[in-house]
Structure formats: structure tokens, C-alpha cells
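Take a look at the structure set out below.
Protein chains: 2
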Amino acid sequence: MTANRGRKVTILDIARELNVAPSTVSNALSGRRYVDEDLVARVKATAARLGYRANPVARRLRSGRASAIGLFSAMPFAITGGSSRLGFMMEIAATAAEESMRAGLSLMLIPPMEASPSVEDLLIDGALLIEPARDDPFAQLLDARGLPVVRIGRQPGRDDAPAVDLRSAETAALLLAHLEQAGARRIALITASARRASHEETEAEYARFAAARGMAPLHLQLDESGGQALGRAETLRLLAEHPEVDAILAMVDVFAAGACEAAHAAGRTIPGDLRIATRYDGPRSLAADPPLTAVNLSLPEVARAAVKMLIPMIEGEPAPTRVRAPDASLTVRASTAA
Amino acid sequence: MTANRGRKVTILDIARELNVAPSTVSNALSGRRYVDEDLVARVKATAARLGYRANPVARRLRSGRASAIGLFSAMPFAITGGSSRLGFMMEIAATAAEESMRAGLSLMLIPPMEASPSVEDLLIDGALLIEPARDDPFAQLLDARGLPVVRIGRQPGRDDAPAVDLRSAETAALLLAHLEQAGARRIALITASARRASHEETEAEYARFAAARGMAPLHLQLDESGGQALGRAETLRLLAEHPEVDAILAMVDVFAAGACEAAHAAGRTIPGDLRIATRYDGPRSLAADPPLTAVNLSLPEVARAAVKMLIPMIEGEPAPTRVRAPDASLTVRASTAA
DNA sequence: TGGGTCTAGAAAAACGTTTTTCTGACCCAG
DNA sequence: CTGGGTCAGAAAAACGTTTTTCTAGACCCA
């Protein structure tokens, strides 16, 4: 019996109906002040009869709190998701949603889009920002709005900003050591041109690794939005120009998948002629042919840590400004296994 | 220069500062009524100087709109996500987030949790509900709140409710025909005890299929929260009691993965002795050993259709009440390939 | 010159709660 | 029999916008 005479039913309607003050209705329904049992019963009955639903927006007006946080990723979906739309961002999203719900916050998913949503108008109290680049547009908008933000992966140039450190230098070292140990003597590196900490750190680590061994560095920086096709095309060119390359470390999984295609097209066997490894152990590293050696980044733990950092920041309490991701570990698959 | 003297800066502060009415400040900032150019400039300057940020909650008070929709799944995460937290729900989430953002709505991720969030207090205008069971708790709460809801997968017993029909009978028929064509003569079925439309329809289709061929039906209904371990255990028992079984159709991917484990433990080869197929072609069907034959459910299209249904419902406009998912197609993998 | 229209801004209402403050009745101890 | 305390409810303030209504002056034209 949802008495729907046009307008929404408010607390005022109940008050009028019972000749009682609105505040009394509020207290009766919420129970935060004692109200005569009998009156409470009548209020509740009337509320039910009229089909009253508390307006959650009005409710939040006093506190000004949205009780929600946003999860932002500026990476094009070709990277974060691709055709199957699964991957890095969604793996973080799942755990972050759970963890924030535990704290009474909902999680809003802000997908990377050309027409970026007007950040000004999003109903959120804070944000998680996935792998921001040096000049990240979301980072600027969020900072301009003055929202608390936790970065998942440091933002280059913003060493002060609260972040979960993904420790990409260590990840890169792990992968390079594995490739070398698997027999590689000339390792090429493919990163993205976007200036994310993971790419910058990996490049530095690669330079160090190459220098230490007297190996001439061979490094491609590709545009993330090029996706798998670009990875394939550029790898083909690389293999043609540098036939001595016997391993490729592709930081972005779609580039790695493209590299596999290129290897097949160039008649190279994997891992016999060419070893290929990537960073994020997601659905794409599994689906590649052959499945790719990759790194377990412990994204659920990372997501949980990020939410735990963000919550006190929202409350205005002191919060740690830097947390380190757990130690990474290698998952060796056919793309490098001897 | 975020002049932060305790309180938040409001439109009133700007008005006071300039000896001007609050409404004028509002109009100057929003531009929806003409305000003298010079004054606009002064208002904007003062706003910037004081560090004014519009309060999005207050802004929404008049409209009462949250500008957000919720994505709910009552399936335990063991099913929807599992250890890697990816899968059905997240695949839908990615596309739904994109599609709703396009309409100016954000998407809230409501993960399945024991302590269900108080649905009453969620700041949403509508909801998508993934594969609700006959007695789905979220469905009840959402309906009680009077929110528009689009079900992704019909809800048994709620044929009237707006939904995207996942056409599970056809999916089941596709899988059964494939198993038979791959040489199976005795196909066992594993569904979940939760009464979701996909399970009910599959069971019906299986019964029809078996009857038509004079094949004695063999059907297990498992508790979804049991996950892969339960799938393994029950498959082991099944194989012991019915050694003649030469194919298993497991509707839930974790059960299928468990069935693979069981087959190995029982010394059966896949697909030689035993063919295994599942429904959702997600990361788990790929990661199984061997990779599983599964169905492409076109979840991105499904998610888009669901959002498109929901939007007019929120606006109070007439909306279609039933949409059919695209035709399903089979992805044949090593678990059934001859 | 009087009545109409237009203008830019002021003023007030509205959105729907929650929280704080006020009030009158009652009770009890001093 | 009075002053203070407790009680349940009323009243009002508060939250921060947006929207509607009002107003005083400028302008115009018959």
C-alpha cells in the first residue's frame, strides 16, 4: 500500500498525520532519544502505512559526508581491462569494495574515460588513485577539490603524497634475474611512455642491470592506448632489427601478449628462442600463448592497505603517508620455463 | 592558499565577503542566471581565494537524486570472485561503470558480505542485481526501499520484474550438445543449491536432454559457498559411485575447477576419460588444468543493456521490462577437445 | 505622465533530515 | 512550599545549496 499521491512521503507527513513534532518522528524512527513506546509504535505504523522512505541525501546533509570513496584509474581500459574488462583495476576494486564496506563506506568505480566525469560533482569523501602518472589529470582534479587521496603506486614528482609503494624496482629486479637465470643474454625492455612510477623504476633498474653486465640496453617505450596490436608491431620491428634479442620483459601485459604474437609471426619459439615475461599476473598473462611468467603483486593486500590509509585521512586523523606492498613473488610459466 | 580556519567555506562566506546575496553567488558560479560580468569575476576570485568547494551533498538535496546506481551480487565471493577476486561480477562491473558514467551516474560496487550493508542508507537511485536467487535477500531489501532494480538474470518467482534474460536454457543446450558431440554418453550435471534462474533452467534443460536420449540423469546440487574444495570432494564421490560417467557439466566455474582436480586424483584423463565443461568463461575456466570449455556470455553487452533499462526506470519513464542477452557461443578448450 | 517591461540583484522558500534548545509538567528533597 | 532535577515532547536551528519570488530602479512608449 505505497500511498503514492505524487509527492514523496516525508517525515513531515507523518508528523502532521499524528499531530506530533517532526523531531519526535525522527527520534522515534531512529531511536536516538527516548520516545514513548506507544508513540513509537504509532509513528512506525504510520510510516509504514504512508510508505515512508528516509531520504539518504537529506540525511547526509548535516554531516556533509558522502560515505563513499572513489576508485580512479587513468590508465586506458586497453591496459586496465581490455576486451575482457578484467585486470588490475578490477582486482583492486573487488577487495577495496569489501574493505571499505567494512568501514561503512561504499566504493564508486570511476572508469577511465575520455569524457572524464566531472570530479567536482562526485559524491565521495576520498579517493584511491591507481598508478598515477607524473602529470595525471585525475590527480590534479582530486587535489584541486581538496579530497584525501591515496595513490596505489607512488606518483612520480609527488613523493610527499600518501601512497602504497608497489616497489616496482624490486619487481623488475626479480623478473630480470629470472630471465637471466633462464638463459637470457640479451634482454629487451618494453615499458609505456606514460610516466608511472612502475615504468620509471623499472627503466632505472633495467639500466642498472644492463650496466652491471655490460649488456647494451634495448628499450622501447610504447603508448599504452596502442594495446596489443602496437605491442605486436613494435616487437616485430625489434626482432628484425635486433635478432640477437633472446628475452623480452614487457611491463604491460597487453604488450607482452602482443610480443608473443610477434614471436610466433617471426618464427621464434617461446621460450626456446625467446623468453617473455610480464609484470601483472592477471587474466591476460594466463590467456597468452604460451601463458606468461609474471609477478604476484598481492593486489588484495595492497587494496586493503590503501583503504586502511584512506579512512583516517577522511576522518581527519593522523595517518601513515607511505606503506609498502608485500614482497612480490614470481609465478613461472611456459613463456620462460626451460 | 586554502584558508582553512576550521569550518568549511560556504557560499555564505563568499556572499558576506562581497556584501552580496547568496543566491547571486550561486548564480555567478553556476551561470544559470545572468550576473554582471564584473561581479562574476569578483565572486570567482573570492571563491578561489577562500578555497571554496561546493558541497555535493547539499547540491543534491533539492533533486533528491544520488546520481549513482548500485551493483549488487548476493553470490558468495567464492563464486563471483574467488581468490583472485575476478569474475562474473567484476566483468559486469567494468562495463556497467562505463555505461552508467556515460549517463552521468556513478556505479557503486556492493560486494556480497555477511554483514550486508544497510541498503536503506546507500546513496543510490537504482540497482543492478546479479543473478538473484528465488529468495534473494538483496532483492527484498531493494524492493522494500522502493528502488528501481534491473535483474541480470531473471529472478525465479519474479517473472514480472525487469530483467536481462541470460537465456540459460539455451546455454545449457549448447553445452550438452557439445559434450554429446564430443563423445560423451553419460553426462552428470553439477548445479548450485541456490535457486537462481540459471540453475533452474539448466536443470530443466538437462532433464529434457536426458529424457530424450534415455540417459539416466545424474545430478548434484552443491552449496555455492563450498567452493572448489566441495566441487572436488563431491566429484570424487560421484566418480567412485558412477564410474560410467564420461562427462561433467558444472554450471559454476569453481565446481568445474574442483571437478578437474577430482578427475586427476581419481586417475582419469581429461578429456580422454572425462569431459568437463562449465558455463562462465572467466579467468577460472582459463586457469583450470586443463583449460575449460565454456560459454561466452557477452557480459559486456548484458551489462550495457541492464544499465540502459535502468536509466529510464530511474527517470520515471516507460522502460522495457525484459531484454534478452545476445546469442551465446561456445569456446572449446582442452577439457573437451578430442 | 502613467503604466508597462525589463533588469540585476535581494530576499525568501525549499529540499528533508538531525541536532540543539526550549518548555511545561511532574516529582522530590530540603 | 520552593528550588532544582528529570522527563517527553515541541520548537527552532542547522546543514549548504538551488530555485522562486520579490523589489527598486531604468527604460520605453503611447
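For the protein sequence lines, the chains are A and B, in the order given. Mapping of the first sequence onto full-length UniProt numbering: position 227 corresponds to residue 227, and the numbering continues sequentially without gaps. Mapping of the second sequence onto full-length UniProt numbering: position 93 corresponds to residue 93, and the numbering continues sequentially without gaps. For glycine and all other residues, C-beta sits at the position ideal for the given N, C-alpha and C. Please read all numbers here as calculations on a predicted model, not as lab measurements.
Contact list for G55 (chain A) against chain B, beta-carbon separation under 9 Å: The sequence as given places Asn at residue 55 (chain A); Gly does not occur at that position. Taking the beta carbon of N55 (chain A) as reference, the chain B residues within 9 Å of it are L61, G64, listed in sequence order.
Helix, strand or coil at G104 (chain B) [DSSP, three-state]: Three-state result, G104 (chain B): coil.
Beta strand (DSSP E) segment containing residue 390 (chain B), residue limits: Residue 390 (chain B) falls outside the range modelled here, since chain B spans only 1 to 338, and no answer is possible.
Chain-ordered chain B contacts of M215 (chain A) [CB-CB under 7 Å]: Close to M215 (chain A), with beta-carbon spacing below 7 Å, lies no residue of chain B; the smallest spacing is near 34 Å.
Members of the region 294 to 310 of chain A near chain B, C-beta cut-off 7 Å: Listed by position, the residues of the region 294 to 310 of chain A near chain B (Cβ gap below 7 Å) are P300.
Exposure of S198 (chain A), with buried meaning 16 or more beta-carbon neighbours within 10 Å: S198 (chain A) comes out buried.
Contact list for R145 (chain B) against chain A, beta-carbon separation under 7 Å: Per Cβ cutoff of 7 Å: R53.
Per-residue burial, H242 (chain A) [other beta carbons within 10 Å of its own, 16 or more giving buried]: By the neighbour-count criterion, in which a residue is buried when 16 or more other Cβ atoms sit within 10 angstroms of its Cβ, H242 (chain A) is exposed.
Residue burial classification, A259 (chain B) (beta-carbon count within 10 angstroms, cutoff 16): Burial check for A259 (chain B): the Cβ neighbour count within 10 Å reaches 16 or more, so the residue is buried.
Backbone CA spacing between Q155 (chain B) and A133 (chain B) [nearest angstrom]: Taking the straight line joining both Cα atoms gives about 6 Å.
Minimum length 3: unbroken beta strand (DSSP E) runs contained in the region 169 to 209 of chain B: The qualifying runs are 187 to 192.
Distance, G282 (chain A) Cα to R268 (chain B) Cα: Cα to Cα, the separation comes out at about 29 Å.
Length of the line joining the Cα atoms of R213 (chain B) and A177 (chain B): Rounded to whole angstroms, the separation of the alpha carbons of A177 (chain B) and R213 (chain B) is 12 Å.
Neighbour flag for L218 (chain A) against chain B, beta carbons, 8 Å: Not closer than 8 Å to any Cβ of chain B, the Cβ of L218 (chain A) fails to qualify, so no.
Bridge partner(s) assigned by DSSP for F72 (chain A): According to DSSP, F72 (chain A) bridges with A:I110, A:L129.
For A287 (chain B), the three-state DSSP class (helix, strand or coil): In the three-state reduction of the DSSP assignment, A287 (chain B) falls in the helix class, which pools H, G and I.
Chain A contact residues for E201 (chain B), given Cβ-Cβ distances below 7 Å: By Cβ distance, chain A contributes nothing, its closest Cβ being about 25 Å from E201 (chain B), past 7 Å.
Spatially closest choice to A74 (chain B) from B:E315, B:R275, B:M309, B:I152, by CA coordinates: The residue among B:E315, B:R275, B:M309, B:I152 with its C-alpha nearest the C-alpha of A74 (chain B) is B:I152.
Collapsed DSSP secondary structure at N55 (chain A) in the structure displayed: If DSSP states are grouped into helix, strand and coil, N55 (chain A) belongs with coil.
Beta-carbon gap between A277 (chain B) and T293 (chain B) smaller than 8 Å: Yes, they are a contact pair.
8 Å CB neighbourhood of L297 (chain B) in its chain, flanking five on each side removed: Closer than 8 Å at Cβ, skipping near neighbours: L166, T171, R279, Y280, D281, A325, A328.
D125 (chain B) vs A68 (chain B) beta-carbon contact at 8 Å: Contact flag set, yes.
Assumed close pair A103 (chain B), A303 (chain B) - CB separation to whole angstroms, cut-off 8 Å: No, A103 (chain B) and A303 (chain B) are not in contact; Cβ-Cβ is about 13 Å, not under 8 Å.
Identity of the residue in B:A210, B:R208, B:D246, B:A257 nearest L230 (chain B) by Cα: Nearest option by C-alpha distance: B:A257.
Residues that DSSP places opposite D253 (chain B) in a beta bridge: DSSP output for D253 (chain B) lists no bridge partner at all.
Of the residues A:L122, A:M101, A:E99, A:E203, the one placed nearest G64 (chain A), counting alpha carbons only: Sorting A:L122, A:M101, A:E99, A:E203 by C-alpha distance to the C-alpha of G64 (chain A) places A:L122 at the top.
Pairwise C-alpha distance: V254 (chain B) and T10 (chain A): Cα to Cα, T10 (chain A) sits roughly 47 Å from V254 (chain B).
Neighbour flag for I110 (chain A) against chain B, beta carbons, 8 Å: The C-beta of I110 (chain A) comes closer than 8 Å to at least one C-beta of chain B.
Listed by chain order, chain B residues near M113 (chain A) by CB distance under 7 Å: Those within 7 Å of M113 (chain A) in chain B are E98, M101.
CB contact check: S67 (chain B) to chain A, cutoff 8 Å: Output row for S67 (chain B): interface = yes.
Under 8 Å between C-beta atoms of L218 (chain B) and L189 (chain B): Yes. Within cutoff.
Residues that L12 (chain A) bridges to, as DSSP identifies them: L12 (chain A) pairs with nothing; no bridge assigned.
CB-CB length for L109 (chain A) against L310 (chain B), believed under 8 Å: Not confirmed; about 16 Å, so no contact.
Interface partners of D121 (chain A) on chain B, CB under 7 Å: Going along chain B in sequence order, the residues near D121 (chain A) (Cβ under 7 Å) are P56.
Residue(s) in a DSSP beta bridge with I248 (chain A): Partner(s): A:A188, A:I276.
CB-CB length for L179 (chain A) against T336 (chain A), believed under 8 Å: At roughly 7 Å, the Cβ-Cβ gap stays under 8 Å, so L179 (chain A) and T336 (chain A) are in contact.
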